[in-house]
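In the numbering used here, the protein residues as written are 125 to 464. The beta carbon of each residue, even a glycine, is placed where N, CA and C say it ideally should be. Notes follow the structure.
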Ligand SMILES: [Fe+2]
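Have a look at this one:
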């Protein structure tokens, strides 16, 4: 059982004010929340009911089969890039408007998923990323090897807790089944790391909210006691991690695929009006984003096949989402202020 530490969640999100131990107005945190604050990552068990996780998996497989390129869910020999939309060696599928497929939005608006983020931020006015889907099939010989790319998804010049990342795991995911691996507790060392490693020439960042760890950086983490932990989960579990935590993903070493949908939320008050306007354009154009919900980077839905634009590219979802009021708020659009 978790300890009964008296912790009050404060409305502030920046810095380390996310949770303060106080004597007054005590509120016991969920054990996963305590794990998150201590280790920088956690598993929220059963955020999505198992039957719905199974239904989402079936929808993902149907989405792949729907390209009519030859992939068949019951025939592993059809797992080949010629038979599939563009999925990279990390399992990422970024294009084809997949970020706005109905099944993706249905996962994003799962109450158990949204509520976990509401608890961490202490705020119900959230916006959500239009992030990727991961189809991590095992035994891929037709793709380059998935080499480790340890990184944190946060600008090293902006320390402190800023955003919480998440993914909904959809298949049984054990130690050898591939998936998220994190440097436990490294969120608390991030600021020190960047001060002490400032001498190093950084790996070029593909966007400012990214930092890649070199061999020297990995040694620093090891020297400071950071243990790399493969996060295991059941279908429907929500994995959460502080964006300062170094992480990457592993490919499956078993015959079990690893499927997940990335779900990341932040308080709308941390987004500017320009961010929200850019986000509205992404939503209306069916474009994806990174995991940062304030839409710093927008995708293009231009997948490649053999070096050329994929003739199977799609520019709108196969099944468009149906958003209720809560889902529509997560797009950020209702928070755009109209000029008087
Ligand atoms: Fe990442």
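Rounded C-alpha distance that separates residue i from residue j
i: residue 155; j: residue 218; result: 33 Å
i: residue 148; j: residue 281; result: Only weak support is given to the placement of residue 148: the predicted model assigns it a pLDDT of 47, under 50, and the value that follows is read from those uncertain coordinates. The straight-line gap from Cα to Cα measures roughly 34 Å.
i: residue 267; j: residue 320; result: 37 Å
i: residue 413; j: residue 269; result: 25 Å
i: residue 450; j: residue 233; result: 8 Å
i: residue 364; j: residue 239; result: 12 Å
i: residue 168; j: residue 151; result: 18 Å
i: residue 383; j: residue 284; result: 30 Å
i: residue 387; j: residue 416; result: 10 Å
i: residue 328; j: residue 175; result: 43 Å
i: residue 404; j: residue 392; result: 13 Å
i: residue 345; j: residue 314; result: 10 Å
i: residue 180; j: residue 454; result: 20 Å
i: residue 237; j: residue 331; result: 27 Å
i: residue 133; j: residue 433; result: Low per-residue confidence applies at residue 133: pLDDT is 37, beneath 50, and the placement is therefore not dependable enough to give any value.
i: residue 444; j: residue 226; result: 5 Å
i: residue 165; j: residue 367; result: 9 Å
i: residue 457; j: residue 273; result: 34 Å
i: residue 349; j: residue 248; result: 36 Å
i: residue 323; j: residue 182; result: 49 Å
i: residue 303; j: residue 372; result: 8 Å
i: residue 378; j: residue 193; result: 25 Å
i: residue 177; j: residue 325; result: 43 Å
i: residue 354; j: residue 462; result: 46 Å
i: residue 198; j: residue 341; result: 43 Å
i: residue 196; j: residue 311; result: 41 Å
Near ligand 1: residue i beta-carbon under 7 Å from a heavy atom
i: residue 371; result: yes
i: residue 311; result: no
i: residue 277; result: yes
Bridge partner(s) assigned by DSSP for residue i
i: residue 307; result: 352
i: residue 382; result: 260
i: residue 293; result: 384
i: residue 330; result: DSSP, once it has assigned bridges, lists no residue as partnering residue 330.
i: residue 402; result: In the DSSP output, where bridge partners are listed per residue, residue 402 has none listed.
i: residue 320; result: None; residue 320 has no bridge partner.
When the options are compared against residue i, the one with the closest alpha-carbon
i: residue 357; options: 371, 301 and 249; result: 301
i: residue 191; options: 441, 458 and 373; result: 441
i: residue 422; options: 208, 431 and 408; result: 408
i: residue 255; options: 438, 172, 292 and 198; result: 292
i: residue 185; options: 369, 202, 250 and 170; result: 202
i: residue 252; options: 390, 385 and 198; result: 390
i: residue 222; options: 241, 259 and 299; result: 259
i: residue 309; options: 159, 460, 385 and 463; result: 159
i: residue 406; options: 228, 212, 224 and 295; result: 224
i: residue 171; options: 278, 162, 290 and 250; result: 290
Report the start-end ranges of each beta strand (DSSP E) in the stretch 191-277 that is 3 residues or longer and not cut off at the edges.
List check, beta strand (DSSP E) in window: 250-252 and 257-260.
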